[in-house]
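Undergrad: First the structure, then my questions, so here it is.
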Amino acid sequence: MGNEEAVFFSRVLTETTLSFHIIYATIGVGVPLMIMIAQWVGIKKNDDHYILLARRWARGFIITVAVGVVTGTAIGLQLSLLWPNFMELAGNVIALPLFMETFAFFFEAIFLGIYLYTWDRFENQKKHFLLLIPVAIGASFSAVFITIVNAFMNAPRGFDIVNGEFVNVNPLLAMFNPAMPTKVAHVVATSYMTAAFVLAAIAAFRLLKGSNHEYHKKALYLTMKVGLVFAIASAIIGDFSGKYLAEYQPEKLAAAEWHLETSENAPLIMYGILKDGEVKYAIEIPYALSFLAHGSFTQEVAGLDQFPEDEVPPLYIHYLFDIMVSIGIWMTLLSGVFWLGVQRGWKMVASKWFRWLIVLGGPLTLVAIEAGWWLAEVGRQPWILRGIMRTQDAATTSGHVDSMLILFCLLYLVLGVGSIVVLRKMFRNNPVEREIEDRDTEKGGDVL
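Counting in my numbering, the sequence shown tops out at residue 449, every number present.
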């Protein structure tokens, strides 16, 4: 296998691993917050439905954590095996956030184990609720620290380069690089949003399948409301991300927006096709790109004509941006209409067709997450460490990467199918109606 083939298969394997891992990682970051909110609402309202929500979500969460651990370990392994030159150069810089990510995970896992083991062992639910705080903090900070590594790859800082090596390393300066605030905020907010909409899709699906229990209605309202809050937050943070790109990675912004020539009063281009160097059939929003980049409707935005051709990211990232933004806008509108409809008593939001839209929203938000991460990674090309090391120079020269790709794909297939089967069996064999009756019997009261 030549170097070009090794680079190609290394990129495909890394992309496959990240694409699979990000599903479980996103859910793993967002669900603990949802569990915590549900249990807090249950305590405040003295409503066992919300307490049971937290309990059942926690059971499913264990499965996603288990799969996420395996795929996360695979990413760490592949960093060393597939990108040895990158790790040799930058390993001592990114070691601290990688260690902190591991520490945050164990911090989360310890308290999650205690939380699960102590169900029904606390008479005062508030004490049990306190165990969820470190679980949610640990899950979120796992995302924070691993995203810091990705931010460093986009805006490397905190070192000097002497004879091709990093010296005088300042780990804190490297961690708190210019890309960190917007990247971390966007990853965390979209994880919360995605988890909320995935759980909302499950609740809506159960209602559509005939389980008209109040439990599912409460779950749907809670998750859609939380999803709306974080969808709006993600949009606001996305605006700041655009301004970061305009200042620090203008070639990525220009490629994502198909902004071919430097100009003032720059329009935002959505959809369309690029043919013979011209954008056709696109929707242009006047002045919007200037505002996204600089907060001014008239300011000049650098175009692709300002950058060497071999440093311009692949232009298909424009479609990734379109997918991410379109789904984000759609889910914001859908959840906003749902929340308003519940407040105003609109029958439409309880109709079958509207609930099917909510069900569709679950996988759509996962598609948006995938598109966002592909945009982030492909948009950094041709660099693995922007401005310092190109991807082709970081890769292994091993001739066995293609075999690794097949083996890891088989692993992900087993993990994906296995997690779905286990989750389906877990909740099908123990429907909420039966669990409510069983818990009520234990308490010696009436059915909720």
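The beta carbon of each residue, even a glycine, is placed where N, CA and C say it ideally should be.
Note that this is a predicted model, so its numbers are computed, not measured.
When the Cβ atoms of the segment 353-373 are set against those of the segment 200-215, are three or more pairs found closer than 8 Å?
TA: The segment 353-373, when compared against the segment 200-215, does touch it at the 8 Å Cβ threshold.
Undergrad: Which one or two residues does DSSP pair with Ile284 in a beta bridge?
TA: Locating residue 284 in the sequence shown gives position 283, counting from the first residue. Bridge partners of Ile284: Met271.
Undergrad: Could you have a look at Val66 and say whether DSSP puts it in helix, strand or coil?
TA: Along the sequence shown, one-based indexing puts residue 66 at 65. Note: Val66 maps to helix in three-state DSSP.
Undergrad: Strictly by DSSP, which residues pair up with Asp161?
TA: Position 160 of the sequence shown, counted from the start, is the residue given in the question as residue 161. DSSP output for Asp161 lists Val168 as bridge partner(s).
Undergrad: Report all residues from its chain with a CB closer than 6 Å to the CB of Tyr51; omit the five preceding and five following residues, and keep chain order.
TA: Reading the sequence shown from its first residue, position 50 is the one you call residue 51. If we look at Tyr51 and ignore the five residues flanking it on each side, its Cβ neighbours are Ala39, Val42 and Gly43.
Undergrad: So, for Ala256: in the same chain, excluding its five sequence neighbours on each side, which residues have a beta-carbon less than 8 Å away from its beta-carbon?
TA: Numbered from 1 along the sequence shown, position 255 holds the residue referred to as residue 256. Hits under 8 Å: Leu305, Val313, Pro314, Pro315, Leu316, Ile318, His319 and Gly380.
Undergrad: So, for Gly29: in the same chain, excluding its five sequence neighbours on each side, which residues have a beta-carbon less than 7 Å away from its beta-carbon?
TA: Position 28 of the sequence shown, counted from the start, is the residue given in the question as residue 29. Answer for Gly29: Thr65, Val66, Gly69 and Ala140, listed in chain order.
Undergrad: So the beta strand (DSSP E) Ile385 belongs to, where does it begin and stop?
TA: If you number the sequence shown from 1, residue 385 lands on position 384. Per DSSP, Ile385 belongs to the beta strand (DSSP E) from Trp384 to Leu386.
Undergrad: Can you look up Arg425 in the DSSP assignment and give me helix, strand or coil?
TA: The residue given as residue 425 occupies position 424 in the sequence shown. Residue state, collapsed to three classes: helix.
Undergrad: Looking only at its chain, what residues have a beta carbon closer than 6 Å to the beta carbon of Gln126, apart from the 5 residues adjacent to it on each side?
TA: Counting from one through the sequence shown, the residue named residue 126 turns up at place 125. Correct list, in chain order: Ile44.
Undergrad: Looking at the unbroken alpha helix (DSSP H) that takes in Arg356, where does it start and where does it end?
TA: Taking the sequence shown and counting its residues from 1, the one referred to as residue 356 is at position 355. It spans Lys353 to Val379 - the alpha helix (DSSP H) in which Arg356 sits, taken as one unbroken run.
Undergrad: Are at least three pairs of beta-carbons, each pair with one atom in the segment 190-197 and one in the segment 231-242, less than 8 Å apart?
TA: Counting Cβ pairs under 8 Å, three or more are found: they touch.
Undergrad: Can you tell me whether DSSP reads Arg391 as helix, strand or coil?
TA: Translated into positions along the sequence shown, residue 391 becomes position 390. Note: Arg391 maps to strand in three-state DSSP.
Undergrad: Is DSSP giving Val188 helix, strand or coil here?
TA: Along the sequence shown, one-based indexing puts residue 188 at 187. In the structure shown, Val188 sits in a helix (DSSP, three-state: H, G or I).
Undergrad: Can you give me the Cβ contacts of Thr18 inside the same chain, cut-off strictly under 8 Å, excluding the 5 residues immediately before and after it?
TA: Indexing the sequence shown from 1 puts residue 18 at position 17. The answer, listed in chain order, is Thr72, Ala75, Ile76, Gln79, Phe409 and Tyr413.
Undergrad: Using the Cα positions of Ile172 and Pro157, report the straight-line distance between them to the nearest angstrom.
TA: Position 171 of the sequence shown, counted from the start, is the residue given in the question as residue 172. Position 156 of the sequence shown, counted from the start, is the residue given in the question as residue 157. Per the sequence presented here, residue 172 reads as Pro, with Ile not at that position. Their Cα atoms are separated by approximately 11 Å.
Undergrad: Between which residues of its own chain and Gly159 is the CB-CB distance below 6 Å, once the five residues before and five after are set aside?
TA: Walking along the sequence shown from the start, residue 159 turns up at place 158. So the list reads Asn171, Leu174 and Ala175, once near-sequence residues are dropped.
Undergrad: Pull the bridge partners of Glu279 from the DSSP assignment, please.
TA: Counted from its first residue, the sequence shown places residue 279 at position 278. Looking at the DSSP assignment, Glu279 forms a beta bridge with Lys276.
Undergrad: Go ahead and pull the three-state DSSP assignment for Val302.
TA: For the purposes of this step, residue 302 is identified with residue 301 of the sequence shown, where counting begins at 1. Note: Val302 maps to strand in three-state DSSP.
Undergrad: Can you tell me where the alpha helix (DSSP H) holding Ser212 begins and where it ends?
TA: For this step, residue 212 is matched to residue 211 along the sequence shown. Taken as a continuous stretch (DSSP letters only), Ser212 belongs to no alpha helix (DSSP H), as it is neither H nor E.
Undergrad: Compare the Cα-Cα distances from Ala267 to each of Ala294, Phe167 and Ile233 and report the closest residue.
TA: Residue mapping note: residue 267 aligns to position 266 of the sequence shown, counting from 1. Measuring from the Cα of Ala267, the nearest candidate turns out to be Ala294.
Undergrad: Report buried or exposed for Pro33, applying the criterion of at least 16 other Cβ atoms within 10 angstroms of its Cβ.
TA: Within the sequence shown, the letter at position 32 stands for residue 33. So Pro33 ends up on the buried side.
Undergrad: As a quick exercise: from Phe123, Gln250 and Phe153, pick the residue whose alpha carbon is nearest that of Gly92.
TA: To locate residue 92, count along the sequence shown from 1; it is residue 91. Closest option to Gly92, Cα to Cα, is Phe153.
Undergrad: Spatial neighbours of Tyr288 within its chain, please: CB distance less than 8 Å, with the 5 preceding and 5 following residues excluded, ordered by chain position.
TA: Within the sequence shown, numbered from 1, the residue matching residue 288 stands at position 287. Here the set comprises Asn266, Ala267, Pro268, Phe298 and Thr299.
Undergrad: Tell me, please, which residues DSSP counts as bridged to Ser264.
TA: Here residue 264 corresponds to residue number 263 of the sequence shown, with the count starting at 1. Beta-bridge pairing links Ser264 to Val302.
Undergrad: The alpha helix (DSSP H) that contains Phe107, what's its start and end?
TA: Locating residue 107 in the sequence shown gives position 106, counting from the first residue. Pro85 to Tyr118 is the extent of the alpha helix (DSSP H) around Phe107.
Undergrad: Can the beta-carbon of Ile330 be found less than 8 Å from the beta-carbon of Ala372?
TA: Indexing the sequence shown from 1 puts residue 330 at position 329. Indexing the sequence shown from 1 puts residue 372 at position 371. It is not a contact, given that the beta carbons lie outside the stated cut-off.
Undergrad: Measure the alpha-carbon distance for Leu376 versus Asp121 and round it to whole angstroms.
TA: Looking up residue 376 in the sequence shown gives position 375. Looking up residue 121 in the sequence shown gives position 120. Rounded to whole angstroms, Leu376 to Asp121 spans 45 Å at the Cα level.
Undergrad: Name the residue from Leu99, Phe104 and Met271 whose alpha carbon lies nearest to the alpha carbon of Leu321.
TA: Within the sequence shown, the letter at position 320 stands for residue 321. Of Leu99, Phe104 and Met271, the residue nearest in Cα terms is Met271.
Undergrad: Inspect the CB distances between the segment 224-233 and the segment 335-350 and report whether three or more fall short of 8 Å.
TA: Output reads yes: the segment 335-350 touches the segment 224-233.
Undergrad: Spatial neighbours of Ile23 within its chain, please: CB distance less than 7 Å, with the 5 preceding and 5 following residues excluded, ordered by chain position.
TA: On the sequence shown, position 22 is the one that residue 23 refers to. These residues qualify, in order along the chain: Ile370, Glu371 and Trp374.
Undergrad: Tell me the rounded alpha-carbon separation between Gln307 and Arg391.
TA: Against the sequence shown, residue 307 aligns to sequence position 306. Against the sequence shown, residue 391 aligns to sequence position 390. Straight-line Cα distance between these residues: approximately 20 Å.
Undergrad: Under the rule that 16 or more other beta-carbon atoms within 10 Å means buried, what is Trp354, buried or exposed?
TA: Your numbering for residue 354 matches position 353 in the sequence shown. By the 10 Å Cβ count, Trp354 comes out exposed.
Undergrad: How would you label Phe107, buried or exposed, when you count the other beta carbons within 10 angstroms and need 16 or more for buried?
TA: By one-based count along the sequence shown, residue 107 stands at place 106. So Phe107 ends up on the exposed side.
Undergrad: Using 8 Å as the threshold, is the C-beta distance between Leu83 and Thr15 below it?
TA: Translated into the one-based positions of the sequence shown, residue 83 becomes position 82. Translated into the one-based positions of the sequence shown, residue 15 becomes position 14. Contact: yes.
Undergrad: Between Trp259 and Glu301, what straight-line distance do the alpha-carbon atoms span, to the nearest angstrom?
TA: Translated into positions along the sequence shown, residue 259 becomes position 258. Translated into positions along the sequence shown, residue 301 becomes position 300. When rounded, the distance between both Cα atoms is 15 Å.
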